[in-house]
Amino acid sequence: MPATTFLETPQGRRLAYHRNDGQGPWIVFLGGLKSDMEGTKALHLEAWARARGHAYLRFDYSGHGESSGTFEEGCIGDWHEDALAAVAALTEGPVVPVGSSMGGWQALLMAREIPERIGGMVTVAAAPDFTEDGYWATFTEAEKAQLDREGFVEKHSDYMEPYVISKRMIEDGRTQLVLRDPLRLPFPVRCLQGTADTAVSTGTALRLLDHAECPDMRLTLVKDADHRFSDGPCLGLIEAAIAEVLG
């Protein structure tokens, strides 16, 4: 496998990435919270894109994987800046973001920031606004008091070790919300969601489908698929969704 390459962003962060040239639009994989670019979906889609001659980019947000920084210091806005910097420096022309979990929120933020660059979008268990609707909304009064007093709380995850959620992540998340104001997605969008996902509910997927203004948006619910969405049949569905968006 080729050695990891690094990008220095305008904000002074050092992002690890792998890119493969090919025909556009560029497929850009946007990973989830505390995930990295060595995950099953990221690597599988890289091989799939290479076999078909498609341009492909995967990278680690700051505080993730091989990139600089620590997770606990990061927030949605930082990772949004990272994604924009990676797309600006490492791709040309239209891009098709493929956003997994928090990466789905990042894909929507990218579409709001640089709509002229987006040729289509695929989301997998997209988690828009989760810092407010998932974390803050379920914090107990004791957790809110701890967040204010200590600056962080730990939240259990069914898929990895507990997340350390910072006060900065919550406060910054409120400046990045996409489900409160009009969300225009003037390109094909395909959303995939497992019904056995304990991190992101089907209700979130339906809320996004109902909220977005999009002429060609489809949601596929997959019975018994969990948040990882990375077994063989699920990976096949992601491939098919990307191929459909690429048209």
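In case it helps, the UniProt record's numbering puts the sequence shown at residues 1 to 247.
Here a beta-carbon is modelled for each residue, glycine too, at the ideal position from N, C-alpha and C.
In this text the structure is predicted, and so the values were computed from the model without any measurement.
Give the secondary structure of residue i by DSSP, where H, G and I count as helix, E and B as strand, and everything else as coil.
i: Met121; result: strand
i: Lys155; result: strand
i: Leu206; result: helix
i: Phe6; result: strand
i: Phe229; result: coil
i: Met169; result: helix
i: Gly12; result: coil
i: Thr131; result: helix
i: Thr175; result: coil
i: Thr138; result: helix
For residue i, write down the residues that DSSP places opposite it in a beta bridge.
i: Arg213; result: With the sequence shown as reference, residue 213 is identified as Glu, and Arg is not the correct amino acid for it. Partner(s): Arg184.
i: Cys191; result: Thr123, Leu219
i: His18; result: Arg58
i: Pro97; result: Val28
Where does the unbroken beta strand (DSSP E) through residue i begin, and where does it stop?
i: Val28; result: 23-30
i: Pro233; result: Note, Pro233: premise wrong, no beta strand (DSSP E); alpha helix (DSSP H) at 232-246.
i: Val164; result: 163-166
Leaving out five residues on either side along the sequence, give the residues of the same chain with a beta carbon under 6 Å from the beta carbon of residue i.
i: Leu121; result: At residue 121 the sequence reads Met, which differs from the Leu that was named. Excluding positions up to five away in sequence, the list reads Pro97, Ala107, Val189.
i: Arg218; result: Arg190
i: Glu239; result: Trp48
i: Met102; result: Gly32, Leu33, Ala127
i: Pro25; result: Pro94, Val95, Val96, Gly119
i: Thr4; result: Ala16, Glu66
i: Tyr61; result: Trp79, Asp82
i: Arg168; result: Cys75
i: Arg19; result: Leu57, Leu90
i: residue 250; result: Nothing can be reported for residue 250: it is not among the residues displayed for the chain, which extend from 1 to 247.
i: His44; result: Leu235
i: Ser35; result: none
Please list the terminal residues of the continuous alpha helix (DSSP H) segment that includes residue i.
i: Thr40; result: 40-51
i: Leu108; result: 102-113
i: Glu66; result: Where Glu66 is concerned, there is no enclosing alpha helix (DSSP H), given that its DSSP letter is neither H nor E.
i: Val87; result: 76-90
i: Gln146; result: 141-150
Label residue i either buried or exposed according to how many other C-beta atoms from any shown protein chain fall within 10 Å of its C-beta, with 16 as the threshold for buried.
i: Glu46; result: buried
i: His227; result: buried
i: Thr91; result: buried
i: residue 250; result: With the chain running from 1 to 247 in the structure shown, residue 250 is simply not present.
i: Arg149; result: exposed
i: Gln11; result: exposed
i: Ala42; result: buried
i: His156; result: exposed
i: Arg174; result: exposed
i: Gln176; result: buried
i: Ala85; result: buried
i: Ala51; result: exposed
i: residue 275; result: Past the edges of the chain, shown from 1 to 247, lies residue 275, and the structure says nothing about it.
Got a sec? Which residues, its chain only, sit under 8 Å from residue i by beta carbon, not counting five neighbours each side?
i: Val178; result: Trp105, Leu108, Leu109, Arg112, Pro128, Asp129
i: Ile170; result: Thr131, Glu132, Tyr135, Trp136, Leu147
i: Thr70; result: Gly63
i: Arg207; result: Leu179
i: Thr40; result: Arg228, Ser230, Leu235
Looking only at its own chain, which residues have a Cβ that is under 7 Å from the Cβ of residue i, when we skip the five neighbours before and after it?
i: His211; result: Leu179, Leu183
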